Each structure stands twice: as C-alpha cells, then as structure tokens.
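Residue numbering for the sequence shown follows full-length UniProt numbering, starting at 1 and increasing by one per position.
Scroll down for the structure; my scribbles are underneath it.
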Amino acid sequence: MSSPTDYCLICEIPSCGYHLSINSCRSCSTFYKRTILGNKKYICRRNSKDCPIHYSIKQKCKYCRFQKCKKLGMVLRNFSKGCSNSSDSEAECNNIDQSNVSYLSLSKVNNSIESYVSQCRFDSNTNLIIKNVVSTLEGSQLEIPKQPGIIYNPFQYISFGVNFYLKKINENLSYKNINITKSIKFSNYVIFSEHCCCILSKSLMFGPEYASLSRNDKIILFKNIYPLINCLERSYTSINYFGNSFKTNLILFDNTQAFEDEFDQYSDIKLSENNNIQSLNLFKSLNKQLVNGIYHPMKELNLDEYEFSYLIGFALWSINCLPNISEEALRISKKILKSLNDDLHNYYSFTKKLENYANRVSQIISIIGSAVNFCEMKKEIILTGKIFNFFDICKFIEEIMGKDPSSCCELLDNFK
1 MSSPTDYCLI CEIPSCGYHL SINSCRSCST FYKRTILGNK KYICRRNSKD CPIHYSIKQK
61 CKYCRFQKCK KLGMVLRNFS KGCSNSSDSE AECNNIDQSN VSYLSLSKVN NSIESYVSQC
121 RFDSNTNLII KNVVSTLEGS QLEIPKQPGI IYNPFQYISF GVNFYLKKIN ENLSYKNINI
181 TKSIKFSNYV IFSEHCCCIL SKSLMFGPEY ASLSRNDKII LFKNIYPLIN CLERSYTSIN
241 YFGNSFKTNL ILFDNTQAFE DEFDQYSDIK LSENNNIQSL NLFKSLNKQL VNGIYHPMKE
301 LNLDEYEFSY LIGFALWSIN CLPNISEEAL RISKKILKSL NDDLHNYYSF TKKLENYANR
361 VSQIISIIGS AVNFCEMKKE IILTGKIFNF FDICKFIEEI MGKDPSSCCE LLDNFK
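Following this line, the structure appears as structure tokens:
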C-alpha cells in the first residue's frame with residue numbers, strides 16, 4: 001500500500017498507487033502499457049533526450065516519458081513481445097501528434113515579470129552603481145515567481161531575464177518624452193547606461209547557471225555582454241516601438257532621445273569646430289555599422305520575443321574566446337548553448353512550423369557578430385578621441401557631470 005506522502009516517480013504527482021512494479025500514477029502506467037502493447041515509437045520533441053516530465057506540463061515529451069518509465073523500473077508482466085529497441089529510435093515519428101504540440105506560454109512568463117518589476121526598484125545614485133552591481137553579482141540567485149504549469153530550463157531562465165530587462169529599462173518610455181533630434185545630449189545617455197548596468201546585473205542573476213559561476217567568471221561575462229546587449233536592445237526596442245514598416249530609420253539613443261540614421265553633434269560636449277568635425281567623422285562610421293549591421297538585419301527578420309532571447313542568450317554564453325575564463329564556465333556554456341539550440345529547434349518546428357530555418361538562424365548569429373564589431377569600433381573611437389585630445393568621454397563625465405568616469409560601465413577597465 002502506498003502512503004499519503006507517496007508520489008509518482010515519473011511525473012511526481014502526489015497520492016499515487018503502486019502500478020507496474022513501481023510507485024506511479026494511473027496516467028503514467030497506462031501510457032507505458034499502451035506504448036508497449038501498441039509497439040509505439042517516438043522521437044524527442046526537443047531532440048535533447050532530457051525533457052522535463054512533470055504532472056503540471058500538459059504536453060509531455062512522449063519519448064522522454066517512456067525512457068523515464070523504463071529507467072525507473074516500470075515493467076509490464078507477462079508480455080513477451082520485445083519493443084525496447086523500437087523506443088530508442090530517433091528517426092521514427094509516426095505516433096507524434098505535432099498539431100497538438102504547445103510551447104511555453106510567454107503570456108504566463110510576462111505576468112510573472114510584470115509582478116516582479118512592480119516590486120523592484122533600483123538606487124539612482126550613480127556613485128553606488130558599481131558597488132550595487134558587484135554586490136548583486138556576489139549574491140545568490142534571484143528567485144523567479146512560481147507560475148503553475150511552468151518548469152524552467154536554461155532558455156526559459158534567459159527569456160525571463162531578458163524580458164525583465166526590457167520591461168524595466170523601458171518602463172518610462174513614451175512618445176511624449178522622446179525628442180527626435182540630430183543634437184544628442186550625451187549626459188542623458190550616461191545616466192541611462194548606468195541604469196541599464198544595474199538592471200542587467202539583476203537580470204543575469206535569475207539564471208541558476210550564471211549564478212553558480214565564480215565571482216571572476218560572472219564579472220567577465222557581465223563586462224562582455226553589457227556593451228552587446230546595449231546596442232542590440234536599442235535596435236530591438238526601436239523597431240518594436242516605432243514599427244517595423246516605418247520607412248525611415250528611427251533609433252533610440254536613450255529613453256528621451258532618438259535619431260534618424262545619424263546625428264550631427266553632442267549638444268552638451270563643447271568642442272572646437274575642427275575637433276567636432278573629426279569626432280563626427282568617427283561616429284558616422286560607427287552609426288553606419290549600427291544601422292547596416294544590426295538595425296536593418298533585425299528589422300528585416302522582425303524578431304519575436306523568443307528569438308531575441310535566443311540572440312542575447314547565445315551572445316552571453318559564447319565565451320570560448322574570452323581571456324581568463326575558467327574551465328567550469330566553458331563546460332557550462334557548452335551545455336547551455338546546446339540547450340538553447342535544442343529549444344530553438346523545438347520552437348521553430350512545433351510552434352512556428354518552419355520546415356527550413358537554417359538561414360534565419362545564421363542571420364541571427366550574424367547580427368551578434370556585427371554587434372561585436374560595433375563594440376570594438378566604439379572602443380577604438382573612444383581611445384582615438386582620448387589620445388588625440390579632441391573627444392575625451394572620461395574627462396567629460398568627470399568634469400562636466402561631476403561623476404567618477406568608471407560609473408559608465410562601457411569604460412569600466414577597473415571593474416574587478
């Protein structure tokens with residue numbers, strides 16, 4: 001007899017009985033019996049062979065459910081017809097009902113994010129930004145509000161963090177506050193960047209894989225992803241905000257300023273006429289890279305929320321070339337990248353029903369490469385302006401804004 005505390009070893013539902021030699025619910029035992037008697041064959045939905053099997057998931061992966069039944073010792077007595085080999089076939093799929101396949105409901109995740117965002121407030125004192133970021137990264141994983149029917153894998157954790165980041169940094173974004181101009185106020189961008197810096201640290205700490213990294217690894221990944229997510233998010237939000245079919249290119253600089261293709265000057269940075277011309281020439285090439293390499297491709301693809309989460313997740317965990325990264329971080333990154341690709345395959349195959357998506361994925365990866373090039377160009381421009389003394393951003397932040405230049409995270413050479 002099973003006790004009131006017993007639960008199904010397969011789907012973990014409580015108050016089960018003893019069926020087919022193990023503690024299991026009637027649903028799982030019936031599923032196993034029908035599979036054996038019908039000699040049914042399945043393939044893994046996500047092609048990962050490790051799909052979560054839980055009673056709260058309505059559409060369970062049949063392949064992984066059957067494998068779990070076998071692994072945990074479920075046995076159909078007095079049945080001589082062997083079918084264990086057929087269950088291992090990955091090429092046969094005649095019993096999969098693809099029309100009923102459902103994926104994680106983004107609306108459920110968004111409801112959790114809305115609830116969490118409303119509770120979170122961040123210190124706007126820029127002198128504490130770096131201290132707050134380091135404190136967050138040194139802390140434990142941030143808990144995601146529990147939502148019935150959702151079990152999170154690496155992709156879902158990343159999606160939650162990305163959506164949290166988008167909602168938080170854009171919570172005050174409105175048409176009435178946006179000035180479309182060619183004369184940009186740089187100090188507004190610095191303040192916006194500091195705000196994004198603090199929010200990003202919290203967004204990353206929702207993921208258990210990232211939170212489990214060493215302090216050094218977390219900081220390395222943070223410094224690598226921050227400039228990338230900055231330019232990628234601004235393009236993505238601009239397209240969603242101003243519309244994908246808008247004929248002109250409108251790109252958000254921060255949440256109060258936007259420009260069309262390029263801008264003429266920084267209104268709050270006083271430069272001589274000659275220095276202003278030199279700086280504008282440098283920034284024109286940078287804007288060209290932003291528009292042609294990131295904004296236009298993203299606009300043509302019209303990325304949805306799930307694809308943008310994949311974009312950020314892939315950029316975050318592509319760390320093979322980062323210096324001083326640990327072997328443990330590299331091991332985790334390989335596991336996560338595989339999970340991301342498996343989930344994207346499942347999303348395209350079963351939700352969007354795309355037969356051929358290879359070109360779309362290659363274009364998404366290409367956008368990441370363009371973002372890396374954009375960030376490298378930006379660093380070179382900042383360094384060039386400083387060396388030739390015609391555009392020193394650090395000096396502007398320190399003398400004009402009265403701030404420590406290290407508080408602007410993209411210039412954080414001493415962030416350790």
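Don't be surprised by glycine CBs; every beta carbon is placed ideally from N, CA and C.
From a predicted model like this one, the values you see are computed outputs, not experimental measurements.
Validate contact between the stretch 375-382 and the stretch 337-357 using beta carbons, cut 8 Å, 3 pairs: No, the stretch 375-382 is not in contact with the stretch 337-357.
Short Cβ contact (7 Å threshold) for Ile325 with Ile220: With contacts defined as CB atoms closer than 7 Å, Ile325 and Ile220 qualify as a contacting pair.
Residues bridged to Ser24 [DSSP beta-bridge criterion]: DSSP lists Gly17 as the bridge partner or partners of Ser24.
Burial state of Cys321, where buried means 16 or more other Cβ atoms lie within 10 Å: Exposed, because fewer than 16 other Cβ atoms sit within 10 Å of the Cβ of Cys321.
Residue of Asn188, Lys58, Ile43 minimising C-alpha distance to Phe66: Distance check between Phe66 and each of Asn188, Lys58, Ile43 places Ile43 closest, using alpha-carbon atoms only.
Rounded separation between Ala258 and Arg45 - CA only: Ala258 and Arg45: Cα-Cα distance of roughly 43 Å.
Unbroken beta strand (DSSP E) run spanning Gln257, endpoints: Counting along the chain, the beta strand (DSSP E) containing Gln257 begins and ends at 257-260.
Buried or exposed by the 16-neighbour rule on C-beta atoms within 10 Å, applied to Phe314: Phe314 is buried by the Cβ-count criterion.
Test item: CB-CB of Phe155 and Asp343 under 7 Å: Yes, they are a contact pair.
Thr237 to Tyr165 span [Cα, whole Å]: In this structure, the alpha-carbon of Thr237 lies about 12 Å from that of Tyr165.
Spatial distance of Glu139 from Pro208 (CA atoms): What sits at residue 139 in the sequence shown is Gly, not Glu. If you take the alpha carbons of Gly139 and Pro208, they lie about 12 Å apart.
Extent of the continuous alpha helix (DSSP H) run through Leu344: Segment 327-346, the alpha helix (DSSP H) holding Leu344.
Alpha-carbon to alpha-carbon, Leu303 and Lys353: Each residue's Cα considered, the two are about 16 Å apart.
Opposing strand residues paired with Leu252 [DSSP bridges]: According to DSSP, Leu252 bridges with Ala258.
Neighbourhood of Tyr210 by C-beta, 6 Å cutoff - its chain only, sequence neighbours within 5 removed: Scanning its chain for C-beta atoms nearer than 6 Å, with the 5 sequence neighbours on each side dropped, one finds around Tyr210 the residues Leu204, in chain order.
Burial state of Tyr175, where buried means 16 or more other Cβ atoms lie within 10 Å: Counting other Cβ atoms within 10 Å of its Cβ, Tyr175 stays below 16 and is therefore classed as exposed.
Helix, strand or coil at Tyr7 according to DSSP, with G and I counted as helix: Tyr7 falls in the strand class under three-state DSSP.
Unbroken alpha helix (DSSP H) run spanning Arg215, endpoints: In the DSSP assignment, Arg215 falls within the alpha helix (DSSP H) that extends over 215-242.
Top-ranked residue by Cα proximity to Leu198, from Ser214, Ile169, Lys182: One detail in the question is off: residue 198 reads as Cys in this sequence, not Leu. Of Ser214, Ile169, Lys182, the residue nearest in Cα terms is Ile169.
Tyr18 versus Lys40: straight-line alpha-carbon distance, rounded: So the two alpha carbons sit approximately 24 Å from each other.
Classification of Lys60 by the beta-carbon crowding that lies within 10 angstroms, buried from 16 upward: When all chains shown are included, Lys60 counts as buried.
Reduced DSSP secondary structure (H/G/I, E/B, other) of Gln278: Here Gln278 sits in helix by DSSP.
Selected residue, minimal CA-CA separation from Ile144, among Lys202, Ile184, Ile178: For Ile144, the closest of Lys202, Ile184, Ile178 by C-alpha to C-alpha distance is Lys202.
Which of helix, strand or coil DSSP assigns to Val75: Val75 falls in the coil class under three-state DSSP.
Cβ-Cβ distance between Ile294 and Ser370 below 7 Å: Going by C-beta atoms, Ile294 is nearer than 7 Å to Ser370.
Gln156 - DSSP class collapsed to helix/strand/coil: The DSSP-derived three-state label of Gln156 is helix.
Alpha-carbon to alpha-carbon, Cys64 and Glu12: The straight-line gap from Cα to Cα measures roughly 14 Å.
Residue environment, Asn172, which counts as buried when at least 16 other CB atoms sit within 10 Å: Under this definition Asn172 is an exposed residue.
Nearest-angstrom Cβ-Cβ length linking Ile381 and Phe283, presumed shorter than 8 Å: Contact annotation, Ile381 with Phe283: C-beta distance approximately 7 Å; criterion of less than 8 Å satisfied.
Rounded straight-line distance, which links the Cα of Trp317 to that of Lys288: Straight-line Cα distance between these residues: approximately 27 Å.
Close beta carbons around Leu137, own chain, < 6 Å, minus the five adjacent residues each side: Excluding residues within five positions, the ones whose Cβ falls inside 6 Å are Ser201, Lys218.
Residues of its chain near Leu337, where Cβ-Cβ distance is below 6 Å and the 5 sequence neighbours each way are ignored: Scanning its chain for C-beta atoms nearer than 6 Å, with the 5 sequence neighbours on each side dropped, one finds around Leu337 the residues Trp317, in chain order.
DSSP-derived helix/strand/coil call for Tyr116: With a pLDDT of 43 at Tyr116, under the threshold of 50, the predicted position of this residue should be treated as unreliable, though the coordinate-derived value follows. The answer is helix: DSSP assigns Tyr116 an H, G or I state.
Cβ-Cβ distance between Pro8 and Tyr32 below 7 Å: Contrary to the premise, residue 8 reads as Cys rather than Pro in this sequence. Not a contact, by the Cβ cut-off of 7 Å.
Own chain, CB closer than 7 Å to Asn188, minus 5 neighbours either side, in chain order: Within the same chain, Asn188 has close Cβ partners Asp254, Thr256, Gln257.
Selected residue, minimal CA-CA separation from Leu301, among Ile22, Ile364, Glu328: The candidate whose alpha carbon is nearest that of Leu301 is Ile364.
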